[in-house]
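Input: a single structure, listed below in structure tokens.
Residue numbers (UniProt numbering): 1 to 245.
Okay, structure coming up:
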């Protein structure tokens with residue numbers, strides 16, 4: 001039961017990461033359509049529905065977790081070339097039915113990233129059309145376009161490091177392909193998400209880039225700079241001891 005809760009928290013965290021990325025693009029859309037009263041009223045319900053969707057999507061799998069002793073033994077009998085350490089490691093088998101894993105994953109990808117793609121296309125069209133010119137000034141449009149390009153590049157990282165490995169995993173599970181080298185590659189690619197996201201944020205967004213470059217260049221020069229201290233001369237004459245009459 002403990003492992004099931006940990007697995008549930010891990011998957012929910014990944015779901016919320018994708019939803020937070022979606023909210024960034026929705027925020028760009030909302031700034032351009034602030035006069036759209038219907039969307040302004042619907043937006044809180046939209047956010048609530050996405051959060052609720054993340055929880056409900058896991059219910060079929062979490063409610064049908066099999067007996068772990070039996071499930072682990074079936075997995076050990078099915079998978080070839082299992083390392084020895086896995087026999088003594090506490091692992092959890094979320095389901096013996098691949099459909100309960102494949103279908104929720106594909107539904108999540110289609111729903112969440114479908115919305116993300118929709119907001120992206122709408123914002124790009126609005127910024128490139130007369131609609132954007134009537135809402136924003138030329139300088140604001142230029143800044144919005146630059147920021148949107150940076151967001152697209154940065155949002156492509158979760159797609160590259162989460163969505164593609166997840167799709168490959170679902171395909172291999174559905175086809176009954178069990179390749180340990182392929183699984184290791186997918187896990188390694190997914191684990192690089194944090195480092196690549198941090199580096200992309202530094203190189204894509206100019207304020208972060210300037211700050212980091214300052215810390216590695218200007219700050220180093222400041223610490224090695226020699227400061228010449230000029231001697232201070234006093235024009236005051238020494239005062240002797242005061243003697244009272």
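Ideal placement from N, C-alpha and C gives every residue a C-beta, glycine not left out.
- DSSP three-state assignment for residue 4, whether helix, strand or coil: In this structure, residue 4 counts as helix in the three-state DSSP scheme.
- Query: Cβ of residue 96 within 8 Å of Cβ of residue 74?
  - Reply: For residue 96 and residue 74, yes; Cβs fall inside 8 Å.
- Message: Does the contact criterion of 3 or more C-beta pairs under 8 Å hold for the region 180-192 versus the region 87-102?
- Response: Because the criterion of three Cβ pairs below 8 Å is not met, the region 180-192 and the region 87-102 do not touch.
- Message: Among the candidates 38, 185, 5 and 79, whose CA atom is the shortest distance from the CA of residue 59?
- Response: Checking every option, the nearest Cα to that of residue 59 belongs to 5.
- Query: Between residue 137 and residue 119, what straight-line distance do the alpha-carbon atoms span, to the nearest angstrom?
  - Reply: Spanning the two alpha carbons is a distance of roughly 21 Å.
- Query: Starting from residue 64 and walking both ways along the alpha helix (DSSP H), at which residues does that stretch end?
  - Reply: The continuous stretches of alpha helix (DSSP H) do not include residue 64, and DSSP gives it neither H nor E.
- What did DSSP end up calling residue 232 once you bin it into helix, strand or coil? Residue placement at residue 232 cannot be trusted, given a pLDDT of 49 that sits under 50; what the coordinates show is reported in the next sentence. Note: residue 232 maps to coil in three-state DSSP.
- Option nearest residue 25 by Cα separation, candidates 7, 67 and 47: Closest option to residue 25, Cα to Cα, is 47.
- For residue 245, which residues of its own chain have a beta-carbon under 8 Å away from its beta-carbon, when the five flanking residues on both sides are left out? Here the model assigns residue 245 a pLDDT of 47, short of 50, so the residue's position is not dependable and the matter cannot be decided.
- Message: Quick check: what's the CA-CA separation for residue 88 versus residue 81?
- Response: Using only the alpha carbons, I get a separation of about 15 Å.
- Item | Buried versus exposed, by CB contacts within 10 Å (16 or more), residue 99 | Per the 10 Å Cβ criterion, exposed.
- At least three beta-carbon pairs within less than 8 Å, the region 202-213 to the region 171-186: No, because fewer than three Cβ pairs between the region 202-213 and the region 171-186 fall closer than 8 Å, the two stretches do not touch.
- Task: Assuming residue 123 contacts residue 28 (C-beta within less than 8 Å), just tell me the rounded distance between them.
- Result: Under the criterion of beta carbons closer than 8 Å, residue 123 and residue 28 qualify as touching, at roughly 5 Å.
- Would DSSP call residue 34 helix, strand or coil? Residue 34: coil per DSSP, three-state reduction.
- Message: Does residue 54 come out as helix, strand or coil in the three-state DSSP assignment?
- Response: Residue state, collapsed to three classes: helix.
- Reduced DSSP secondary structure (H/G/I, E/B, other) of residue 60: In this structure, residue 60 counts as helix in the three-state DSSP scheme.
- Query: Do you know how far the Cα of residue 206 is from the Cα of residue 238?
  - Reply: At residue 238 the pLDDT is 48, less than 50, meaning the model places this residue with poor confidence and gives no usable figure here.
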